[in-house]
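Shown next, in structure tokens, is the structure this report addresses.
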Amino acid sequence: MPLDSAAHPIPAGSNGSRNDPGTSVSPRPPRPGKPMEILQARFLRAGPGALQSRELLALLLRGSHGPDRASSLADSLLASFRSLPHVLAASREQLATVPGLSSGGICTIKLAEALGILLATEQLPDRLDPALSNYGQVLDYCRARLGFKAIEELHTLFLDNRNHLIRAERSQTGTVNHTPAYPREIVHRALQLQASAIIIVHNHPSSDPTPSRADIEITKKLVEAARLFNIRIHDHIIITATGATSFRNQGHI
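Under our numbering, the sequence shown has 241 at position 238, and the numbering climbs by one with no breaks.
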């Protein structure tokens, strides 16, 4: 049965659905922008330096987890891995231990890491030679590849006879303080790729780039094995999140 408005008048001063001509209704205040929209606008206007790490990470995860969940996940990830670069460098298995992080979120994080490495690759000099002044760009590239890894990895940069990069590969994965190196396998791979020179790189998660006695000994064996096939070992680099050591600069090669 329909309501009769005459039988059910709206009391004066009411804020019901029908306005009382004698009552002034205050307009609603303008709705503020959503937090993620504000962060996005600030990022586009002022660049990444205008945002904190957790804000950048939340923006990154917004697409896979939605704006409400992204911020709390960003906090959890930074609590687990210490910094944004360490989050990006974490393995898929390590990321999977973070409660609530979906496979889509893991894919987003690893994609961001891959894009960063591609950018660092594009900024490499034409010649990867320790004697050149632009060798710092090689160190930056190595740091992007493995400087923030939680366990040690050994990577090999294979070069042609003009010191152009042919290929960069992860040769071995180790533990938090050791990674094996097998000179025979490295030289064999260099022959497959027809490489004329090699740069060896491994990381120290401890943040101390000082080479161990084992690091120095295995480098000498690698130099000797490569020399038999006229392959030069340009350098062995120990890389960390904040520093690096060149074996050539230290006189070990």
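Glycine included, each C-beta is placed from N, C-alpha and C at the ideal position.
According to DSSP, is residue i helix, strand or coil?
{"i": "E130", "result": "It should be pointed out that residue 130 corresponds to Arg in this sequence rather than to Glu. R130: coil per DSSP, three-state reduction."}
{"i": "A44", "result": "helix"}
{"i": "D7", "result": "With a pLDDT of 44 at D7, under the threshold of 50, the modelled position of that residue is not reliable, and no figure is offered here."}
{"i": "S210", "result": "coil"}
{"i": "I234", "result": "coil"}
{"i": "R34", "result": "Note that R34 has pLDDT 46, beneath the 50 cutoff, so the model's placement of it is unreliable and the number below is only indicative. The answer is coil: DSSP assigns R34 none of H, G, I, E or B."}
{"i": "F161", "result": "strand"}
{"i": "I221", "result": "helix"}
{"i": "A82", "result": "helix"}
{"i": "H205", "result": "strand"}
{"i": "G254", "result": "coil"}
{"i": "G25", "result": "Note that G25 scores a pLDDT of 46, beneath 50, so its modelled location is shaky and nothing firm can be said."}
{"i": "S257", "result": "Limits of the chain in this structure are 4 at one end and 256 at the other, which puts residue 257 out of reach."}
{"i": "Q140", "result": "helix"}
{"i": "S215", "result": "coil"}
{"i": "P183", "result": "coil"}
{"i": "E155", "result": "coil"}
{"i": "L54", "result": "coil"}
{"i": "L62", "result": "helix"}
{"i": "L135", "result": "coil"}
To the nearest angstrom, how far is it from the Cα of residue i to the Cα of residue j?
{"i": "A1", "j": "T243", "result": "Only positions 4 to 256 of the chain appear in the structure, and residue 1 is not among them; the question remains open."}
{"i": "S215", "j": "T245", "result": "18 Å"}
{"i": "I109", "j": "I221", "result": "35 Å"}
{"i": "R95", "j": "R187", "result": "30 Å"}
{"i": "G25", "j": "G103", "result": "Because the pLDDT at G25 is just 46, under 50, the model does not fix this residue reliably, and the value given afterwards should be weighed accordingly. Those two C-alpha atoms are separated by around 54 Å."}
{"i": "I256", "j": "L47", "result": "47 Å"}
{"i": "D129", "j": "L54", "result": "34 Å"}
{"i": "N252", "j": "H158", "result": "19 Å"}
{"i": "A112", "j": "L231", "result": "As written in the sequence, residue 112 is Ile, which differs from the Ala given in the question. Each residue's alpha carbon lies about 42 Å from the other."}
{"i": "A193", "j": "A200", "result": "8 Å"}
{"i": "E116", "j": "L98", "result": "13 Å"}
{"i": "H239", "j": "L160", "result": "10 Å"}
{"i": "T248", "j": "I219", "result": "12 Å"}
{"i": "D163", "j": "S74", "result": "46 Å"}
{"i": "I189", "j": "Q195", "result": "10 Å"}
{"i": "F250", "j": "S210", "result": "17 Å"}
{"i": "A228", "j": "P133", "result": "21 Å"}
{"i": "V101", "j": "H237", "result": "40 Å"}
{"i": "D71", "j": "L131", "result": "46 Å"}
{"i": "L59", "j": "G69", "result": "14 Å"}
{"i": "R57", "j": "N233", "result": "49 Å"}
{"i": "L225", "j": "Y185", "result": "8 Å"}
{"i": "L42", "j": "S67", "result": "17 Å"}
{"i": "P126", "j": "L118", "result": "According to the sequence provided, residue 126 is Gln. The question's Pro does not apply to it. Roughly 13 Å between the two C-alpha positions."}
{"i": "L91", "j": "A77", "result": "12 Å"}
{"i": "A82", "j": "P208", "result": "17 Å"}
So who's on the other strand from residue i, going by DSSP bridges?
{"i": "H191", "result": "None, per the DSSP bridge assignment."}
{"i": "S249", "result": "I240"}
{"i": "T178", "result": "In the DSSP output, where bridge partners are listed per residue, T178 has none listed."}
{"i": "A171", "result": "L160"}
{"i": "A200", "result": "L162 and R235"}
Practice problem: Pair every Cβ in the region 82–92 with every Cβ in the region 37–46, then say whether three or more of these pairs are closer than 8 Å. | Solution: no
Exercise. Answer yes if the region 201–208 comes into contact with the region 158–172, meaning at least three C-beta pairs across the two stretches below 8 Å, and no otherwise.
Key: yes
Self-check item: Cβ contact (3+ pairs, closer than 8 Å) linking the region 180–196 and the region 137–147
Solution: no
Self-check item: Completely contained alpha helix (DSSP H) runs for the region 84–133, where each covers 4 or more residues
Solution: 87–92, 95–98 and 106–125
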